[in-house]
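This report concerns only the one structure given below.
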Amino acid sequence: MWQTAVDILGPDLAAIVAGAIGLVALVQVNTLFLVWLERKVSAHIQLRLGPMEVGPHGILQTLVDGVKLLGKELITPRHVDRKLYVLAPVVVFTGVLACLVVVPFDEELQLRDLNVGVLLIFAFSAFNVLAILMGGWSANNKYSLLGAIRSVAQNVAYEIPLLLVVLNVLLWTNSMQMSTIVAAQSTLWNVFWMPVAAVIYLICATAETNRAPFDIPEAESELVAGFHTEYSGMRFAMFFLAEYSNMFIVTAVATTLFFGGWKSPPLLGFLPVPGVVWFFLKVYALIFVIIWVRWTFPRLRFDQLMNFSWKVMIPVSLIHLIVYAGIIKIIR
Amino acid sequence: MGLVREVILGSWSLITGMGVTIRRYGRRAITTQYPRKRLEMSPGYRGHIELVRFEELGSHNCVACGTCVRFCPTHVIKVQGEKPRARAPKRATLYFIDFSHCSLCGLCVANCPTRTLKFSTEYEMAHACRWEGVVDLMQRLEESA
Chain A
-12 MWQTAVDILG
-2 PDLAAIVAGA
8 IGLVALVQVN
18 TLFLVWLERK
28 VSAHIQLRLG
38 PMEVGPHGIL
48 QTLVDGVKLL
58 GKELITPRHV
68 DRKLYVLAPV
78 VVFTGVLACL
88 VVVPFDEELQ
98 LRDLNVGVLL
108 IFAFSAFNVL
118 AILMGGWSAN
128 NKYSLLGAIR
138 SVAQNVAYEI
148 PLLLVVLNVL
158 LWTNSMQMST
168 IVAAQSTLWN
178 VFWMPVAAVI
188 YLICATAETN
198 RAPFDIPEAE
208 SELVAGFHTE
218 YSGMRFAMFF
228 LAEYSNMFIV
238 TAVATTLFFG
248 GWKSPPLLGF
258 LPVPGVVWFF
268 LKVYALIFVI
278 IWVRWTFPRL
288 RFDQLMNFSW
298 KVMIPVSLIH
308 LIVYAGIIKI
318 IR
Chain B
19 MGLVREVILG
29 SWSLITGMGV
39 TIRRYGRRAI
49 TTQYPRKRLE
59 MSPGYRGHIE
69 LVRFEELGSH
79 NCVACGTCVR
89 FCPTHVIKVQ
99 GEKPRARAPK
109 RATLYFIDFS
119 HCSLCGLCVA
129 NCPTRTLKFS
139 TEYEMAHACR
149 WEGVVDLMQR
159 LEESA
């Protein structure tokens, strides 16, 4: 089958098509798994069991929910900005797929090893904010609009410290290529010598993905569901897919930048485990931490959120950058 | 310095909070998977009222005095009795309650002169029709035998 595809499309195009199919499959399966994981972890933290009916321990529950969403009507409310309203779920998904192109799952398992990989990821994750703004603006609903405004304000505030701590890694490895960054951590993971940067990155990543305790753009008790209040059926499911895929992307980037990518943990190098397994283990461990945080802390108020970013995160990450730039200058 | 102190104390409290949740994560669930498993109701649970079966009589001991009917604030109890033969004490033959109006105040149970009323442990009381809330206590007593 692969040979037929190569014959028809040529080797380059065939690889791109195969990669795209693989990434879309990854996005879907990852979301199905993460929704289940989120429900299970939250349930066990609250001393419940969570989904138990469909499949062993409810593992197929989200699949069934997805099928249900496929069958739902796509309701378009009156007086919406129809073009933007229809386009927003597509845009949110495009950014997700583009980000996954440069994620190094293993030494050989990477769709494109661009020399501006990190830059591409942060450029395309801005699509998420754009889509949220489009969806919230076009839906002609006060809750959607408020959610979108909050989301943009929050993402602008938290993108700055995020990029500032990523700069530390880029200064150290002297490259934006994902594979080079992983290769530079073969002796020492970045998290061990810049732990503060890793913590700041994770906090900002939680805020970037609009997850609790930074989930004010979709604060249920205030804004119904925030920017996707008016969306139904598969359009809503697209936002949902993008939300959980963004979680995957930010943790995959964290794994690549700070936790050694597909490399084995320091003392476990003798184990015959392929790199892709280590990669996914690290990613899902980080996702578990993010879920754990969500079900531990209450939501921040908007001014607290902004104060935390501008008064704590940005100064700390700036000082961190200056100090580490000095250290790197002295070492090199 | 105030800010630094605030950040450190705040971080510590966050870590403490995460410790609390992860300890609970390891604990066993306290919920019951309802239709598959059922809980034993505690003795203090108040379902609708029910006739007590006395061992020595092999049946209830309702004499159809009507005390419960008169005490009931929402008039949901209906009792009929008859004398099995002349000069015999009266025995209840019919006992209905309309549970949909019952407020579970317990005045009937507290005031029953023969102590033949108790609260049941029935909790699956959802119905599609208002008349299904009417419970025939005599029938329940026969069925429970």
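In the order they appear, the protein sequences are chains A and B.
Position one of the first sequence corresponds to residue -12 (my numbering), numbered consecutively onward.
Position one of the second sequence corresponds to residue 19 (my numbering), numbered consecutively onward.
In this text, a Cβ means the ideal position worked out from N, Cα and C, and glycines have one as well.
In the structure shown, what three-state DSSP assignment does Tyr271 (chain A) receive?
helix
Which same chain residues, not among the five before or five after Glu40 (chain A), have their C-beta less than 8 Å away from its C-beta?
These residues qualify, in order along the chain: Gln48.
Three or more beta-carbon pairs under 8 Å between the stretch 115 to 123 of chain B and the stretch 60 to 68 of chain B, yes or no?
yes
Residues from the stretch 11 to 41 of chain A in contact with chain B, defined by Cβ distance under 8 Å:
Residues Val28, Ala30, His31, Ile32, Gln33, Leu34, Arg35, Leu36 and Met39.
Who are the near neighbours of Leu107 (chain A) in its chain, counting only those whose CB is closer than 8 Å to its CB and skipping five residues on each side?
Ala85, Cys86, Val88, Val89 and Leu101
Taking the straight line between their C-alpha atoms, what separation do you get for Gly44 (chain B) and His31 (chain A)?
8 Å
Please name the residue, chosen from A:Ile187, A:Gly123 and A:Ser219, that lies closest to Thr63 (chain A) on a Cα-to-Cα basis.
A:Ser219
Let me make sure I understand the geometry here. Which of A:Asn115, A:Arg99, A:Leu255 and A:Pro(-2) has the alpha-carbon closest to that of Thr174 (chain A)?
Nearest neighbour of Thr174 (chain A) by Cα position, chosen from A:Asn115, A:Arg99, A:Leu255 and A:Pro(-2), turns out to be A:Leu255.
Collapsed DSSP secondary structure at Thr216 (chain A) in the structure displayed
Secondary structure of Thr216 (chain A) (DSSP, three-state): coil.
Measuring from the CB of Ile115 (chain B), is there a heavy atom of the ligand GDP at a distance below 7 Å?
This structure does not include the ligand GDP; it has no bound ligands of any sort.
Give the straight-line distance between the Cα atoms of Leu0 (chain A) and Arg99 (chain A), rounded to the nearest whole angstrom.
13 Å
Measure from the alpha carbon of Val186 (chain A) to the alpha carbon of each residue in A:Pro148, A:Gln172, A:Phe109 and A:Asn161, then state which is nearest.
A:Pro148
Starting from Val94 (chain B), trace the alpha helix (DSSP H) in both directions and tell me its first and last residue.
Taken as a continuous stretch (DSSP letters only), Val94 (chain B) belongs to no alpha helix (DSSP H), as it is neither H nor E.
Would you kindly check if the distance between the Cβ of Val73 (chain A) and the Cβ of Ala126 (chain A) is under 8 Å?
no
Beta-carbon of Thr49 (chain A) versus every beta-carbon of chain B: anything under 8 Å?
no
Where Tyr141 (chain B) falls, given that 16 or more other Cβ within 10 Å makes a residue buried
In the assembly as shown, Tyr141 (chain B) is an exposed residue. Its beta-carbon has fewer than 16 other beta-carbons within 10 Å.
Would you check if there are 3 or more beta carbon pairs closer than 8 Å linking the stretch 135 to 143 of chain A to the stretch 162 to 176 of chain A?
No contact exists between the stretch 135 to 143 of chain A and the stretch 162 to 176 of chain A.
Suppose contacts are defined by Cβ-Cβ distances below 8 Å. Is Met163 (chain A) in contact with Thr243 (chain A) by that definition?
no
Just how far apart, CA to CA, sit Gly45 (chain A) and Arg42 (chain B)?
21 Å
Compare the C-beta of Trp279 (chain A) with all C-beta atoms of chain D and state if any pair is closer than 8 Å.
Structure shown: chain D not included; protein chains present are A and B.
Can you give me the C-alpha to C-alpha distance between Ala106 (chain B) and Ala82 (chain B), rounded to a whole angstrom?
13 Å
Can you give the Cα-Cα distance for Ser138 (chain B) and Val127 (chain B), rounded to whole angstroms?
In this structure, the straight-line span from the alpha carbon of Ser138 (chain B) to that of Val127 (chain B) is close to 11 Å.
Consider the Cβ of Val143 (chain A): report whether some Cβ of chain B lies at a distance smaller than 8 Å.
no
Taking only runs of the alpha helix (DSSP H) that begin and end inside the stretch 23 to 89 of chain A, which ones reach a length of at least 4 residues, in chain order?
48 to 58 and 69 to 87
Chain A contacts made by the stretch 48 to 61 of chain B, where a contact means CB separation under 8 Å
Ile48, Thr49 and Gln51
Under 8 Å Cβ-Cβ, which residues of chain B neighbour Val299 (chain A)?
Among the residues of chain B, those whose CB is under 8 Å from the CB of Val299 (chain A) are Leu21 and Val25, following chain order.
From the DSSP output, read off the bridge partner residues of Ser77 (chain B).
B:Phe72
Under DSSP, the beta strand (DSSP E) around Asp116 (chain B) begins and ends at which residues?
Arg109 to Asp116
With three or more beta-carbon pairs closer than 8 Å as the criterion, would you say the stretch 8 to 28 of chain A touches the stretch 225 to 236 of chain A?
yes
So, is the C-beta of Ile33 (chain B) closer than 8 Å to a C-beta in chain A?
no
When you compare only the Cα positions, how much space is there between Trp279 (chain A) and Asn155 (chain A)?
27 Å
For Ile40 (chain B), count neighbouring Cβ atoms within 10 angstroms of its own Cβ and tell me buried if that reaches 16, exposed if not.
exposed
Measuring straight from C-alpha to C-alpha, what distance separates Asp154 (chain B) and Leu34 (chain A)?
39 Å
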